[in-house]
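Chains as they are written, first to last, in my numbering: chain A, 2 to 415; chain B, 6 to 522.
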C-alpha cells in the first residue's frame with residue numbers, strides 16, 4: 002500500500018494538470034453556453050490541435066534530454082509543406098511517393114541539426130535558432146514567395162476528412178455515424194482486456210498487483226472518457242482521420258518513454274547527465290536521436306498542416322515551436338530535463354487548444370488571447386516551482402531573520 | 006595577553022544525518038596568524054562557513070563573539086561588514102573582468118549612486134596591489150594572470166574591504182612552491198605591518214609550522230587542542246599526532262582474510278593527461294595489482310590524481326592521451342567506453358553521488374537498474390515487474406531504508422543514497438569495483454554498514470580498490486595500501502606494517518621542499 006502512496010505522490014503533478022484541464026473545460030463550457038463540447042466543435046478541436054500535439058511529443062523528447070528545445074520546428078513544418086507543394090502541385094509527382102520523400106527530407110534536417118548539437122557540442126538553442134532562419138529562408142526560396150494550392154485528393158486523404166461510416170443504415174442512439182461509436186466501444190474494450198490480462202499475469206507471477214477496486218475505477222473512468230469522445234464525434238461526421246496519426250504517435254511515444262530501455266536512458270540523461278554517462282548511457286547518440294526524431298515528427302506535422310490548409314504557404318507554421326514548447330511545460334515537463342510524460346504533454350496541448358478555441362468562440366480578440374496564453378504558461382510553471390520551494394521551506398530563514406532583527410533592536414535599546 | 010578578536014563558543018552544526026561540528030571552541034587573538042588543521046571531513050570548512058555567515062544564524066547552535074560583540078550573521082554580507090573576509094579554496098574571481106573590477110566587485114567605488122568611478126577604482130586597486138607585492142596593471146584581465154597571482158588578487162580584494170580578520174581556506178593548494186612562499190610571506194608582513202589577523206586552513210603542515218602563531222586541531226568535528234608556538238614545541242610530528250590520534254576500536258567490522266592468489270586486475274605504466282590542459286600529466290606511470298577477494302586502498306589527498314586514475318581505468322571516462330595496459334584475469338583488456346568497462350565487469354563508484362552518481366529526481370528502482378538495463382529487459386522492452394522485484398531484492402540485502410523502491414532517491418538520507426549507489430553497481434555484476442570515497446558524507450552507523458557490504462563483496466571473491474582520504478578508514482579496511490601523491494604511487498604498505506604516522510610522513514617527505522622550510 003505504501004508503494005501506492007509513493008506512486009500517487011510522484012505523479013501528483015500530473016493529476017493536478019489533469020484537474021486544471023477539467024476546470025478549464027468546465028469554465029469554457031459554461032462561458033460559451035455549451036458550444037465548447039458540441040460535437041462539431043469537438044471535431045474542430047481535434048483538427049486544430051493535431052499538429053501541435055505531434056510537435057509537442059517530439060519537443061518533449063528534446064526537453065527530456067536536459068531542457069533543450071527546438072526552435073526550428075515551425076520552419077521545418079513550412080519547408081516540408083513547401084516541398085510537398087512543389088513536388089505534387091508544381092511538378093505533378095505521385096502524392097504517396099512525395100510524402101515519403103518529404104519525411105526523408107525531415108530526417109535529413111534532423112541529422113543535420115543533431116550532428117551540430119550532439120557531436121559538435123553547439124548549444125541546441127543556437128543550432129535551432131539558426132535552423133529556424135535557414136529553413137524559413139529555404140521555404141521562401143522553394144516557393145518563390147508564392148502560395149501553392151490546391152492539393153490533389155489523394156494527398157489530402159491521409160489526414161483530412163473522416164473515417165467513412167461503414168454502417169450508414171445503423172443509427173445507434175440516433176447517431177449520424179454509428180461506426181465512430183463502435184470504434185470507441187472497441188478501443189475501451191481493448192484497453193480493459195489488456196489491463197485485466199496484465200493484472201492476471203502479474204498475479205500468477207506473484208508480482209505486486211494493484212488493488213482490484215482501483216483497477217476497476219481506472220477502467221471505468223478511461224472507458225467512459227473514450228466512449229464519450231467517440232460518441233460525440235459520431236454525433237457529427239465521425240472520427241477525423243488525423244486522429245489515427247495522432248493516436249498512433251501518442252501510443253508509440255508513450256510506450257517508448259515508459260516501457261523501453263531507450264526511453265529510460267532519455268530520462269536518465271536529463272536527470273543527471275554525468276551519472277548517466279558513468280552508468281554506460283550513450284549520451285551523445287541519444288541527444289542526436291532526439292533531434293532527428295524531432296525533425297521527423299515536424300515533417301509529419303508539416304504534411305498534416307499543409308493538407309489542412311490545402312496549400313503550401315511560405316508563412317505556414319509560424320510560432321508553432323512556441324505552442325509545442327508551451328504544451329510541454331504546461332504539461333509538467335521540467336525546464337532542466339528528465340521530467341515529463343507524453344500524457345502530461347497531451348494534457349498541456351489540450352489546455353492550450355481549449356483556451357484558444359474557447360476564447361475564439363467567446364469572441365475575445367487574438368491580442369488578448371496571447372496575453373492569456375502567456376500568463377497561463379507562466380502561472381503553470383510558477384505554480385510548480387513555488388510549490389517545490391514551499392516544501393523545502395525556503396522562506397523560513399527570511400522570517401527568522403526578520404525576527405532576529407527585531408530582537409537585536411530591542412537589545413540595543415535596552 | 007593580546008585582545009581576543011574572535012571567540013566561537015560551543016558551535017554545533019548538524020546536517021541531515023551527520024553532526025559536522027560538535028561543541029567547537031576557538032579563540033583568535035588580535036594580530037596573530039591562527040592555523041586550523043585537520044583531516045578531510047574534520048569540519049574545518051564547515052566551521053569557517055558558520056563564521057562567515059554562509060550557514061546563517063539559526064542553522065547552528067553556539068555563540069560567535071567578534072570584537073567582544075555577540076554576532077548573528079545571516080549572510081556573508083553581514084560578516085564582511087565587520088571586516089571578516091573569507092577566501093575560498095576555489096578562487097571566486099571572474100575571469101573575463103579586469104583585476105580592478107574583480108577587486109571591487111559588489112563593493113564598487115561609485116561617483117553617484119549606481120555610476121562606477123573608474124579612476125578611483127583603478128587607482129585604489131593599484132594601491133592594494135602594491136601592498137600585496139603584485140606588479141600588474143589593474144586593467145589586465147584576470148584570466149591572463151597565473152593562478153599564484155590570482156591568489157594575491159584575492160588577498161588584495163580582501164584588503165579593499167577593510168579586512169580585520171582574513172580567512173584563507175587552503176590558499177596554496179594549487180600553487181607551486183615559490184608562489185606558496187610568496188603568499189605565506191605576505192600574510193606575515195600583513196600581520197607585522199598592518200596588524201591584520203588571519204585564519205589559515207591548510208593541509209600542508211610545513212606551511213602551518215612556518216607561519217602560524219597558534220594552531221587549533223580539529224578531529225571529527227571537535228576541537229582536540231590548541232598549540233601555541235611560544236609555549237609548546239610545535240613540530241609536524243606533534244601536529245600529526247593531534248590530527249590522527251584517535252582510538253580505532255569497533256569502528257570497522259572484522260575483516261576475514263579473503264585474499265585469493267589470482268590477480269584480478271593489473272595496471273601497468275598507466276599515464277593520463279588532463280582532459281582540457283592536455284600537456285598536464287595527472288597520472289604518472291602508475292602500476293599496481295589487485296587480487297581477487299582483496300580490498301586494496303589508495304590513500305591520497307585531494308588533487309593527488311586518485312580520482313583521475315580511477316576514471317581513466319573505467320573505460321576512459323576521463324583524460325586524454327591515456328597510455329598503459331590493463332590486464333584482467335591474465336587477458337589484456339581494451340576498454341574504449343564506459344559501456345565496455347561495465348560489460349567487462351569493471352566498475353567505478355563515484356566519490357560525488359549527487360553530482361555524478363545518482364539521478365536524484367528518479368526512483369530507487371530506476372537508479373539501481375540503469376547500468377545494466379539488459380538484465381531486466383527483453384529486446385529493448387523493460388519488464389517493469391521484474392525490475393521492481395530485482396530492485397526490492399537489493400533494497401533488502403543492502404538495508405536501504407525506504408518505504409518502497411518507487412521512492413525518489415533525492416528524498417533519502419545521505420547514508421541511504423550511498424547504499425543505493427552501491428546497490429546500483431553491485432547489481433551490475435562486477436568482478437572489480439573501484440570505490441571512490443564510499444563513505445563520504447555518511448554518518449557513523451551507515452559507515453559501518455557500508456564497510457560490512459564491502460567485506461561481503463570481498464568474501465565473494467570480488468576485487469576492490471578502495472580510494473579514500475580518511476586514513477583511519479584505509480587502515481581499518483584495506484589489506485594493502487598504496488599511497489598516491491602528485492599523480493604517482495609513492496609507497497605501498499601491507500596492512501600489518503602501515504601506521505597513520507608512517508603514511509602521513511611518507512606524503513610529507515614527498516612534498517618537502519615544496520616550500521623550502
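Glycine included, every Cβ here is placed at the ideal spot set by N, Cα and C.
CA-to-CA distance, residue j to residue i, given in whole angstroms
{"i": "residue 224 of chain B", "j": "residue 66 of chain B", "result": "19 Å"}
{"i": "residue 392 of chain A", "j": "residue 441 of chain B", "result": "Here residue 392 of chain A scores only 46 on pLDDT, less than 50, and its place in the model should not be relied on; the value that follows carries that caveat. Cα to Cα, residue 392 of chain A sits roughly 32 Å from residue 441 of chain B."}
{"i": "residue 32 of chain A", "j": "residue 45 of chain A", "result": "18 Å"}
{"i": "residue 13 of chain A", "j": "residue 299 of chain B", "result": "47 Å"}
{"i": "residue 117 of chain A", "j": "residue 291 of chain A", "result": "13 Å"}
{"i": "residue 109 of chain A", "j": "residue 102 of chain A", "result": "10 Å"}
{"i": "residue 19 of chain A", "j": "residue 327 of chain A", "result": "16 Å"}
{"i": "residue 268 of chain B", "j": "residue 437 of chain B", "result": "11 Å"}
{"i": "residue 343 of chain A", "j": "residue 173 of chain B", "result": "51 Å"}
{"i": "residue 378 of chain B", "j": "residue 387 of chain B", "result": "8 Å"}
{"i": "residue 157 of chain B", "j": "residue 137 of chain B", "result": "6 Å"}
{"i": "residue 126 of chain B", "j": "residue 116 of chain B", "result": "10 Å"}
{"i": "residue 315 of chain A", "j": "residue 366 of chain B", "result": "43 Å"}
{"i": "residue 38 of chain A", "j": "residue 162 of chain A", "result": "20 Å"}
{"i": "residue 277 of chain B", "j": "residue 491 of chain B", "result": "12 Å"}
{"i": "residue 73 of chain A", "j": "residue 53 of chain A", "result": "14 Å"}
{"i": "residue 55 of chain A", "j": "residue 299 of chain A", "result": "7 Å"}
{"i": "residue 253 of chain B", "j": "residue 477 of chain B", "result": "Because residue 253 of chain B sits at a pLDDT of 43, beneath the cut-off of 50, its placement in the model cannot be relied upon, and the following sentence gives the value as read from the coordinates. Rounded to the nearest angstrom, the two C-alpha atoms are 7 Å apart."}
{"i": "residue 190 of chain B", "j": "residue 216 of chain B", "result": "8 Å"}
{"i": "residue 460 of chain B", "j": "residue 257 of chain B", "result": "10 Å"}
{"i": "residue 14 of chain B", "j": "residue 48 of chain B", "result": "15 Å"}
Exposure of residue i, with buried meaning 16 or more beta-carbon neighbours within 10 Å
{"i": "residue 86 of chain A", "result": "buried"}
{"i": "residue 371 of chain B", "result": "buried"}
{"i": "residue 182 of chain B", "result": "exposed"}
{"i": "residue 508 of chain B", "result": "buried"}
{"i": "residue 313 of chain B", "result": "buried"}
{"i": "residue 439 of chain B", "result": "buried"}
{"i": "residue 194 of chain A", "result": "exposed"}
{"i": "residue 462 of chain B", "result": "buried"}
{"i": "residue 151 of chain A", "result": "exposed"}
{"i": "residue 202 of chain B", "result": "buried"}
{"i": "residue 237 of chain A", "result": "buried"}
{"i": "residue 408 of chain B", "result": "exposed"}
{"i": "residue 138 of chain A", "result": "exposed"}
{"i": "residue 502 of chain B", "result": "exposed"}
{"i": "residue 168 of chain A", "result": "exposed"}
{"i": "residue 58 of chain B", "result": "buried"}
Amino acids of chain B, ordered along the chain, whose beta-carbon sits closer than 9 Å to that of residue i
{"i": "residue 273 of chain A", "result": "359, 360, 361, 362, 363, 364, 365, 366, 367"}
{"i": "residue 177 of chain A", "result": "What residue 177 of chain A touches in chain B: nothing, since even the nearest Cβ is about 41 Å away."}
Nearest-angstrom Cβ-Cβ length linking residue i and residue j, presumed shorter than 8 Å
{"i": "residue 170 of chain B", "j": "residue 88 of chain B", "result": "6 Å"}
{"i": "residue 482 of chain B", "j": "residue 471 of chain B", "result": "6 Å"}
{"i": "residue 50 of chain A", "j": "residue 354 of chain A", "result": "4 Å"}
{"i": "residue 184 of chain A", "j": "residue 240 of chain A", "result": "6 Å"}
{"i": "residue 262 of chain A", "j": "residue 330 of chain A", "result": "Wrong, their Cβ atoms sit about 26 Å apart, outside the cutoff."}
Contact set between residue i and chain A, taken where Cβ atoms lie within less than 8 Å
{"i": "residue 382 of chain B", "result": "261, 262"}
{"i": "residue 58 of chain B", "result": "Per Cβ cutoff of 8 Å: no residues; residue 58 of chain B is ~11 Å from chain A at best."}
{"i": "residue 322 of chain B", "result": "278, 279"}
is_contact[residue i, chain E] using C-beta, thresh 7 Å
{"i": "residue 248 of chain B", "result": "In the structure shown, chain E does not exist; the protein chains are A and B."}
Contact set between residue i and chain A, taken where Cβ atoms lie within less than 7 Å
{"i": "residue 355 of chain B", "result": "279"}
{"i": "residue 390 of chain B", "result": "203, 206, 208"}
Under 7 Å by beta carbon: chain B residues contacting residue i
{"i": "residue 276 of chain A", "result": "361, 362, 363, 364"}
Per-residue contacts from residue i into chain B (C-beta, under 8 Å)
{"i": "residue 340 of chain A", "result": "366"}
{"i": "residue 286 of chain A", "result": "Those do not exist, as residue 286 of chain A stays about 11 Å from chain B at its closest Cβ, beyond 8 Å."}
List in chain order: all unbroken beta strand (DSSP E) runs of 3+ residues lying wholly within the region 69–104 of chain B. DSSP runs (the beta strand (DSSP E)) wholly in the region 69–104 of chain B: 74–76, 89–92.
Return the chain-ordered ranges of every alpha helix (DSSP H) run that is complete within the region 138–168 of chain A and spans a minimum of 4 residues. Taking 4 residues as the shortest admissible run, the region 138–168 of chain A contains the following complete alpha helix (DSSP H) segments, listed from N- to C-terminal end: 154–157.
Please give me, in chain order, every unbroken run of the beta strand (DSSP E) with length at least 3 that falls completely inside the region 190–256 of chain B. Complete beta strand (DSSP E) runs here, min 3: 202–206, 219–224, 227–233.
Which runs of the alpha helix (DSSP H) spanning at least 4 residues fall entirely within the region 134–181 of chain B, listed in chain order? Whole alpha helix (DSSP H) segments, 4+ residues: 152–164.
As an exercise, report each continuous beta strand (DSSP E) stretch of at least 3 residues that is fully enclosed by the region 412–482 of chain B, in chain order. Listed in chain order, the complete beta strand (DSSP E) runs (minimum 3 residues) inside the region 412–482 of chain B are 437–441, 468–473.
Threshold first: 4 residues or longer. Then list the alpha helix (DSSP H) segments lying entirely within the region 42–98 of chain A, N to C. Taking only runs of at least 4 residues, the alpha helix (DSSP H) segments lying wholly in the region 42–98 of chain A are 74–86.
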